[in-house]
Amino acid sequence: MALDEIRSAVLESVKHEVDLIIKSAEKEAEEKLKKIREEAERECEIWYQTATRNIDEEVSRKLVQVQGQINKEILKEKNEIINKVFEMAKTQILSLPLSEYENWMKGLFLKTIVDGMVGKVRVHKDDVDLMMKLITEVQNSKKVNLTVDGENYLKERGGFLFIGDGYVVDHTLGTILNDLQRELVPEIARKLFG
Numbered sequence: 011m012a013l014d015e016i017r018s019a020v021l022e023s024v025k026h027e028v029d030l031i032i033k034s035a036e037k038e039a040e041e042k043l044k045k046i047r048e049e050a051e052r053e054c055e056i057w058y059q060t061a062t063r064n065i066d067e068e069v070s071r072k073l074v075q076v077q078g079q080i081n082k083e084i085l086k087e088k089n090e091i092i093n094k095v096f097e098m099a100k101t102q103i104l105s106l107p108l109s110e111y112e113n114w115m116k117g118l119f120l121k122t123i124v125d126g127m128v129g130k131v132r133v134h135k136d137d138v139d140l141m142m143k144l145i146t147e148v149q150n151s152k153k154v155n156l157t158v159d160g161e162n163y164l165k166e167r168g169g170f171l172f173i174g175d176g177y178v179v180d181h182t183l184g185t186i187l188n189d190l191q192r193e194l195v196p197e198i199a200r201k202l203f204g
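When we follow our numbering, the leftmost residue of the sequence shown carries the number 11, and every step to the right adds one.
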């Protein structure tokens, strides 16, 4: 019996060792699985954060692009409105009653001409008679030598070009309104668009 007892004790001891090895292996496998799971969760979180950040950046970039395009369109519309305002001003000046138009031209001419000026004044064909009248008036009160350029005419009515020796003074209606528009655009924009 002693052999059976030894055998039984050895088997019991082996079984106990096998149980310990299995438990240790299971515990080690659980720890490895837990580490793998934690690593996978960390990687998923990193991937998620990266994907979220990339999506946020893309949305922000697209939003900036869309906002920029909207601002361009708004600016274009505002500029068109301002241009229309100045086109209306031009139309109103050109459609003034003759006496008012003559007064406007006279005021413009008198602000430009000073003693000692010599040169030609270029106007639209429709304004030649008026300019000749203005030149006559000015020559009676100032020492100037002015003539109407009878060979070259402005394409549009309103204002004049004074052509002196080596310089030109552009007081055409288009130039006056363009200069005025550049000067007044910020103020006009504030008043029209708040």
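The beta-carbon is built from N, C-alpha and C at its ideal position, and this holds for glycine as well.
So the alpha helix (DSSP H) HIS26 belongs to, where does it begin and stop?
Note, HIS26: alpha helix (DSSP H), 12-104.
Short of 7 Å in beta carbon distance, which residues of its chain neighbour ILE16, apart from the five on each side in sequence? Order them along the chain.
Answer for ILE16: no residue qualifies.
Below 8 Å, how does it come out for the segment 87-101 and the segment 119-135: are there three or more Cβ pairs, yes or no?
Taking 8 Å as the limit for Cβ pairs, the verdict is that the segment 119-135 does not touch the segment 87-101.
Measuring CA to CA, which of GLY168, LEU156 and LEU73 is closest to GLU110?
Looking at the Cα atoms, GLY168 is the closest of the given residues.
Indicate whether the contact test is met: 3 or more Cβ pairs, each with one atom in the segment 126-145 and one in the segment 171-179, closer than 8 Å.
Yes: the two stretches touch, three or more of their Cβ pairs being nearer than 8 Å.
Express the C-alpha separation of ASP189 and GLN77 in angstroms, rounding to a whole number.
The alpha-carbon atoms of GLN77 and ASP189 are separated by roughly 31 Å.
Starting from ASN155, trace the beta strand (DSSP E) both ways and give me its first and last residue.
Taken as a continuous stretch (DSSP letters only), the beta strand (DSSP E) holding ASN155 covers 155-158.
Using the Cβ count rule (16 or more neighbours within 10 Å means buried), how would you classify ASP66?
Exposed, because fewer than 16 other Cβ atoms sit within 10 Å of the Cβ of ASP66.
Going by beta-carbon coordinates alone, are VAL195 and LEU171 separated by less than 9 Å?
Cβ distance not < 9 Å, so VAL195 and LEU171 don't count as in contact.
Under a three-way DSSP split, which group does VAL124 fall into?
Here VAL124 sits in coil by DSSP.
The beta strand (DSSP E) that contains ASP175, what's its start and end?
First-last for ASP175: undefined, no H or E at that position.
Cutting at 7 Å between CB atoms, please list the residues of its own chain near TRP114, excluding the five before and the five after it.
Within the same chain, TRP114 has close Cβ partners ILE103 and LEU106.
Between which two residues does the alpha helix (DSSP H) harbouring LYS143 extend?
Taken as a continuous stretch (DSSP letters only), the alpha helix (DSSP H) holding LYS143 covers 138-151.
Please report whether the beta-carbon of LEU171 lies at a distance below 9 Å from any beta-carbon of chain C.
Absent from the structure: chain C. Only one protein chain is present.
Would you report the Cα separation of GLY160 and THR182, rounded to the nearest angstrom?
If you take the alpha carbons of GLY160 and THR182, they lie about 17 Å apart.
Give the straight-line distance between the Cα atoms of LEU156 and LYS94, rounded to the nearest whole angstrom.
Spanning the two alpha carbons is a distance of roughly 36 Å.
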